[in-house]
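Each remark here refers to the structure printed beneath this line.
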Amino acid sequence: MFSKLTLLTPEEQEKIHQTTLKLLEEVGVVIGSEAVRDMLAKQGAKVIGENVRFPKEMVEEMLRHSVHSFPLGAFNEKDRLTVPSVTHPFTTTAGYVPYVYDEATGKNRYATTEDLRQLCIIADYMDEMDCFWPLMLPGEYHGELQEFKATEIALRNMGKNIQCSSASGELARYQIELGRAVAGGSEAFRENPVLSLLSAPTTPLAVEHGIADAIVESAKAGVPILPMSLPQMSTTSPATFAADTLLVNAENLACHMIARCADENARVFYSSDAGAPNLFDAGIDYENCEYVMLSAADCDMARYYDLPTAMGCSVEYKDFSTKAGFERNVFRCALKLLTRVDVACWVGTRESCLSSSLIDVILDLEVCRQAMAYFRNFEVNDETLALDVIAERGPRGNYLDHEHTFKHFRESIFTSKAENCYLFAEGYENHRKVAQEKIDGILAGHAAPTYDEALVAELDRITASAEAHLANE
Amino acid sequence: MKRNISCGGDIFSGFSLNVMSEEECNRIHLATLELLETTGIFCESDRAIEIFEAGGCRVDHEKKRVYIPAWLVEDSVRKAPPRVLMAGRDPKNDVVLESGRVNFLTFGQGIMVIDPYTGERRPSVKQDIADVAKLVDALPNVDVIEDTLYASDKDERVAMLHNTEATLSNTTKHQSQGADSAHQAKLAIEMAAAIVGGKDKLKARPIISGGGCPVSPLTLPEGNTEQLIEYASVGLPCNPLSMAMAGGSTPVTLAGTMVVHNAEILSYIVMIQLVNPGNPCTYGSSTTAMDLRRAIATVGCPELGMISAAVARMAHFYKIPSFVAGT
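Line by line, the protein sequences give chains A and B. Position in the first sequence (first residue = 1) + 44 = our numbering. Position in the second sequence (first residue = 1) + 43 = our numbering.
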């Protein structure tokens, strides 16, 4: 059995589900897009101005036919995934940061296209990275064009599943066009969706105009959708765990309704990055215990519906100058991953998602590698119980030289320890220098996926059209 | 009485880490029953062997091997109460060990201390033990005090008693202690009885409990075993605690480690229940993995977390309060 952190009892899950149905039916959700409201109204929703209320039967019918498993495609054949994961949580970068932390100056500066290109090469190379958010937004661009360029740069420079934000229907159409070009056409893209799109509701209980349109476009194209709900206890949600989980649930189900009304086979994650803010400065606090507990509750609800999960899992404490600092992060990361999330969105951010750096990506991936030690199956079978071995050695024996130990010690004992990590081979104070050397090596030796001329030309054409039409402000 | 918040030990309630299913617990239990009945345990104490034999165990006296029948193990588990009172000298510091209610205690026993005033790392002395006890007394989040340091300035034959005296004199919280012999245990119990006004009152309000470790694999050492007999004979809580090391003193697999660990703890629980049916006891662990490169016990490693979660799960399976060590 795999270890799993849980929070809610089946009765509590049912209570949250039933309350969500009541909330969606009696309070409803603001949906900014008139076209989406019209679509929902035709399928049974009650529309009052911008407010859309979903009858209980409509939601339950949707849930009865949810898509429980779908592919996360990739240009690289070896990097194609399916959710839910049956092995370990898939790891991805997360957040959209405007700044890059410059190691030389010790200060933040605006991220550039080159920063993102380098990040893509690193992410493509690192085995610990399963999917990729282009988290460094290229500062040469703004608005919708910036999100498009992030997608384009990622698709041109790495071959794993790319998860991009999409805040308008037009932007989503351009992003999907890029994805279809890389996958080899509409049907090929549906089978191998190299893109997933993040279209987050606005807590509490609103789906903005562009977001709703983007969800519809993604649903129709077969793009996996992450409706990442981000309620913060006591600011955008009531201060209680149950209410925060209720809002995550209501917003996720509302986005599922939009997607499923657009296409009955829509692929939609159950997704959240819920937390409790630091009430002293109103900032997001990724280091408090509520952040982990809310994830556990949200994963419980996702399992209630049998839906794949994509959750924010940030661990932002970056002081690796001591062994304790590093191992603290490993444990923090393991706690989040032990919720058995399918896609853990967290690598590379600093300062509550304000900045990032390539070094931080490398450090986080090492944390992730060591945290994965908690994901071994606690196997209980005749071979692992080893009753014959125990009887053979008996009291006062030892197992150091037993064949059973030689056979199993590599998978049984990880002994995750900072001193075993290459980052600290030269001492804890030099870990960022060692990480930089690894980055230099990867950038010098690893190449982005090679596209043929026709594909490059097609990407150029789509890009030129997007640059002409998408807002750059 | 202090009742700490319940984390929800049941696998379907509260914030909990689930590592084994009910069926997997049962498989470990069945393997343990077979092991105890057919391989048995090595018991150094003649006094304990007598108790086991009188209770229905088969004994090979020449090899000091005790074979415990399955019915006796299961009968003993049933007799162990699901709720254990660890009383404090001050009743407001009483704590109750029961399903899912998490309490915290210090742990040891360290032989060195970092001097709080000079920063020097030096051998610990009796005054350090008294200072720790006073500190624990003042800290609301520490519920019970376990022997944290060793009194290196005292004769080793009586150091444990100085530890008990320094601790009981400086805290009003429950003391979990470990003696090295029956003689030491008797004297520690006398000290505690003197404080509360006699052994009968000590049984009703146990301000101390006795801990004891088997030597893995499957060995019950004389001193630790006989001191547990002393604590059980006057009705005090007993904390048998295995310190097995996966790959060294147990099979390297986590399931195999749990079988050896389980056999050791259950053999002590059988003995405790034979001494005093219904005696309170916990299901304890400081079991972890061995660092096979350095041949030392590892703490802070993933295996410790996984084993501790499995230990808590097994304890819940037996409806006996759990006691796990290490971080």
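For glycine and all other residues, C-beta sits at the position ideal for the given N, C-alpha and C. On a predicted model such as this, the values are computed, not experimentally measured, just so you know.
Discussion item. Using beta carbons (cut-off 8 Å, strictly below), is Arg413 (chain A) in contact with chain B?
Written reply: no
Discussion item. Looking at the ligand FAD, does it come within less than 7 Å of Ile111 (chain B), judged from the CB to the closest heavy atom?
Written reply: Because no ligand of any kind appears in the structure shown, any question about the ligand FAD cannot be addressed here.
Worksheet item: Pick from A:Phe176, A:Asp307, A:Phe192: whose alpha carbon is nearest that of Pro182 (chain A)?
Response: A:Phe192
Worksheet item: Under three-state DSSP, which class holds Gly51 (chain B)?
Response: A caution first: Gly51 (chain B) carries a pLDDT of 49, below 50, which makes its placement in the model too unreliable to give a value.
Discussion item. From the DSSP secondary-structure annotation, give me the bridge partner or partners of Thr126 (chain A).
Written reply: A:Pro115
Worksheet item: Quick check: the region 118 to 126 of chain A against the region 397 to 417 of chain A, are there 3 or more CB pairs under 8 Å?
Response: no
Worksheet entry | Boundaries of the alpha helix (DSSP H) in which Arg165 (chain B) is found, first to last residue | Unbroken run through Arg165 (chain B) is the beta strand (DSSP E), 164 to 166; no alpha helix (DSSP H).
Item to complete: Give a yes or no on contact between the region 77 to 93 of chain A and the region 263 to 279 of chain A, applying the rule of three or more CB pairs nearer than 8 Å.
Response: no
Discussion item. If you measure between the beta carbons of Met180 (chain A) and Thr136 (chain A), is that distance less than 8 Å?
Written reply: no
Discussion item. Under 8 Å: do the region 113 to 123 of chain B and the region 203 to 210 of chain B share three or more Cβ pairs, one atom per stretch?
Written reply: no
Worksheet item: By the criterion of Cβ-Cβ separation under 9 Å, what are the contact partners of Arg347 (chain A) in chain B?
Response: Ordered by position in chain B, no residue passes the 9 Å Cβ test against Arg347 (chain A), which lies about 12 Å from the chain.
Item to complete: Determine the direct distance from the alpha carbon of Arg97 (chain A) to that of Glu70 (chain A), and round the result to whole angstroms.
Response: 7 Å
Worksheet item: Counting only runs that start and end within the region 278 to 333 of chain A, where is the alpha helix (DSSP H) found for 4 or more residues in a row?
Response: 285 to 306
Worksheet entry | Nonlocal neighbours in the same chain, by C-beta distance under 6 Å from His368 (chain B), ignoring five residues either side | According to the sequence shown, residue 368 (chain B) is Ala rather than His. The residues are Phe150, Ser329.
Item to complete: Taking the CB atoms as reference points, tell me whether Lys107 (chain B) and Glu87 (chain B) lie closer together than 8 Å.
Response: yes
Worksheet item: From what residue to what residue does the alpha helix (DSSP H) around His217 (chain B) run?
Response: Unbroken run through His217 (chain B) is the beta strand (DSSP E), 217 to 220; no alpha helix (DSSP H).
Worksheet item: Mind pulling the chain A residues with CB within less than 8 Å of Leu182 (chain B)?
Response: Result: empty, since nearest Cβ-Cβ is about 20 Å, beyond 8 Å.
Practice prompt. Assign Trp177 (chain A) to one of two classes, buried (16 or more other C-beta atoms within 10 Å of its C-beta) or exposed (fewer than that).
Written response: buried
Fill in: Three-state secondary structure (DSSP) of Leu245 (chain B)
helix
Worksheet entry | 8 Å Cβ cutoff, Cys344 (chain B) in contact with chain A | yes
Discussion item. Counting only Cβ-Cβ distances shorter than 8 Å, please list the residues of the region 325 to 346 of chain A near chain B, keeping chain order.
Written reply: Met337, Ala340
Worksheet item: When you check each C-beta in the region 272 to 304 of chain B against every C-beta of chain A, which residues fall closer than 7 Å?
Response: Ala289, Gly290, Gly291, Ser292, Thr293, Pro294, Val295, Thr296, Leu297, Ala298, Gly299, Val302, Val303
Worksheet item: What are the uninterrupted segments assigned as beta strand (DSSP E) that are 3 or more residues long and contained completely in the region 68 to 154 of chain B, given in chain order?
Response: 84 to 86, 101 to 103, 108 to 110, 127 to 129, 138 to 140
Worksheet item: At a cut of 8 Å, does the region 369 to 385 of chain A reach the region 153 to 167 of chain A through at least three beta carbon pairs?
Response: no
Fill in: Uninterrupted alpha helix (DSSP H) stretches inside the region 69 to 120 of chain A (no shorter than 4 residues)
78 to 86, 100 to 108
Item to complete: Identify, in the order they occur along the chain, each residue of the same chain with its Cβ nearer than 7 Å to the Cβ of Ala225 (chain B), setting aside the five sequence neighbours on each side.
Response: Glu269, Gln270, Ile272, Glu273
Discussion item. With a threshold of 8 Å, are at least 3 pairs of Cβ atoms found where one atom belongs to the region 135 to 152 of chain A and the other to the region 384 to 402 of chain A?
Written reply: yes
Worksheet item: In the DSSP assignment, what residue or residues form a beta bridge with Gly255 (chain B)?
Response: B:Pro283
Worksheet item: At a Cβ threshold of 8 Å, is Leu599 (chain A) touching chain B?
Response: Here chain A covers residues 45 to 517 and nothing more, so residue 599 (chain A) does not appear.
Worksheet entry | Interface residues of chain B facing His448 (chain A) [CB-CB closer than 9 Å] | Pro294, Val295, Thr296, Gly299
Practice prompt. For Ile434 (chain A), return the contacting residues in chain B, with the cut-off set at a CB-CB distance below 9 Å.
Written response: Ala74, Leu78, Thr82, Pro260, Leu261, Thr293, Pro294, Gly299, Val302, Val303, Ala306
Discussion item. Taking the straight line between their C-alpha atoms, what separation do you get for Ala275 (chain B) and Glu163 (chain B)?
Written reply: 40 Å
Discussion item. With H, G and I counted as helix, E and B as strand and the rest as coil, what does DSSP make of Val66 (chain A)?
Written reply: The question names Val, but residue 66 (chain A) is Lys in the sequence shown. Three-state result, Lys66 (chain A): helix.
Item to complete: Could you say which of A:Val292, A:Ala501, A:Leu323 lies nearest to Asp317 (chain A) if we only look at CA atoms?
Response: A:Val292
Discussion item. Let me check one thing: in DSSP terms, what residues is Met288 (chain B) bridge-paired to?
Written reply: B:Thr331
Discussion item. I want to see whether chain B comes within less than 8 Å of Val424 (chain A), judged by CB atoms only; does it?
Written reply: yes
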